[in-house]
Amino acid sequence: MRIGPYKFDHWELAGSLGDLGVLLPLMIALITINGLNPVAVFLAVGLTYIVTGLYYRLPMPVQPMKAMSALAIGLGLGKETIAAGGLLMGVLLLLLSFPGILTPLSKLFSRPIIRGIQLSVGLILIKRALGFISVDGWSSIIMGGGGLIVLFLLRDNRRLPISLLVIGFGVVIGFFTLRGGGKGNIDVGSLLLSFPSLKHFQMAFLLLVIPQLPLTIGNALMAARETAHQYFPEQARRVTLPALSRGMGLANLLAGFTGGMPLCHGSGGLTAHYRFGARTGGANIIIGSLFLLGSIFFARPLLRLFLLLPLPILAALLFYVGFQHCLLIRGLKKGTDLFLALLIGSVAILSRNLAIGFGVGIVVQYLVSKRRQKKSDICNLPSLKEKTRP
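The sequence shown runs 210 to 599 under this note's numbering.
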């Protein structure tokens, strides 16, 4: 069936599920570990998916902000700090949508810097996952290891996101063994608008916003626009940097005020939707409607299912997402670029602060560029003979 520019068929349905492999593990972890209200999370994701699909008319993804989510999970941050981070990112993204701001910033956040932050995010998720896998000794290790084996063996499956199978398998185990993980006191009441305190804003800016901003500019804005125009050269006219930045800004203001999770787009998510068959915004409307229905009618049953998921299985999902993030540094070919990315990741893990790793990376990048510039200037100096030649 087709309604205007939107298709609704089995391909759009399959494509709408394509990015759940990234969305669900982080979303479930933020709900069960950090205590986010599932009503707010489903609502923000559903509305953003639908509005994005209606405006762009393409299968633009809606994902958790990776760095913010990984750090919130890894550091065990509360929902107030996460909400403050979403509000700050919303305001910053709206400011970035004005002309003449994004281009200079994109030059500061080079590819090695972005890859280094992605490596740090992956390592943080892996570290947190290993702690969950060993929570109950050998039984947890066997359960988590089994989940990891399934994820890696079936990672190239194109019929169904493998994370859905592992989550379903984990829920069944949790139901029969009563070994679910996560918090038991999560609020599933009505939505209440809230505003975090100054302390939460300060913490969110240092721990969440500084590491997230380069990834948002590099992947959710620059790379997402390029990927959309690559897959849909004629239909992607509306996919511009100001539009992407403005849309994500509004989505994060909604998520921040309601207590949802910070949201973004991403080139990898667009590829996932496209690979599974989505070609129009109909895929967004389908998956967005499912999340919206979940928010209105099924928040409590879904939360019970999430809480049945054993921590080792959730850990396997987080480990897999983290491992895939670490692999992104393979795109770096130059030795200096690879060194810079590894340096950022190492400093972030050792200091337990991604912002410090990012800062060290910026300083080292500046020093390397100055050294290269100095060498270039020396090579371009005229020789002594040329100076003395009549």
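Even for Gly, the Cβ is constructed at its ideal location relative to N, Cα and C. Since the structure is predicted, the reported quantities are computational estimates derived from the model, not experimental observations.
Going by C-alpha positions, residue 403 is about 20 Å away from residue 285.
When 464, 420, 543 and 573 are compared, the shortest CA-CA separation from residue 252 is found for 464.
A distance below 6 Å between beta-carbons, with the five flanking residues on each side excluded, links residue 566 to the following residues of its chain, in chain order: 329, 553, 556 and 557.
The stretch 519 to 531 makes contact with the stretch 333 to 347, as at least three CB pairs between them are under 8 Å. By the neighbour-count criterion, in which a residue is buried when 16 or more other Cβ atoms sit within 10 angstroms of its Cβ, residue 265 is buried. Secondary structure in the stretch 476 to 553: the alpha helix (DSSP H) runs of 4 residues or longer, each lying completely within the stretch, are 476 to 484, 491 to 506, 508 to 517 and 520 to 535 in chain order.
Here the stretch 481 to 489 makes contact with the stretch 225 to 244; the two share three or more CB pairs at distances below 8 Å. The residues 415, 416, 419 and 420, in chain order, have a CB closer than 8 Å to that of residue 564 in the same chain once the five nearest residues on each side in sequence are set aside.
Between the stretch 482 to 499 and the stretch 220 to 228, the count of C-beta pairs closer than 8 Å reaches three or more; the two stretches touch. Boundaries for residue 414: no alpha helix (DSSP H) harbours it, and the DSSP string shows neither H nor E there. The residues 311, 430 and 434, in chain order, have a CB closer than 7 Å to that of residue 450 in the same chain once the five nearest residues on each side in sequence are set aside. Straight-line measurement puts the Cα of residue 315 at about 37 Å from the Cα of residue 522. Distance from the Cα of residue 512 is smallest, within the candidate group 213, 236 and 211, for 236. Rounded to whole angstroms, residue 575 and residue 411 show a C-alpha spacing of 27 Å. Excluding five sequence positions before and after residue 261, the CB atoms of its chain that fall closer than 7 Å to its own CB belong to 269, 271, 456 and 493, given in chain order.
When only Cα atoms are considered, residue 515 and residue 258 end up about 22 Å apart. In the three-state DSSP reduction, residue 421 falls in the helix class (H, G or I).
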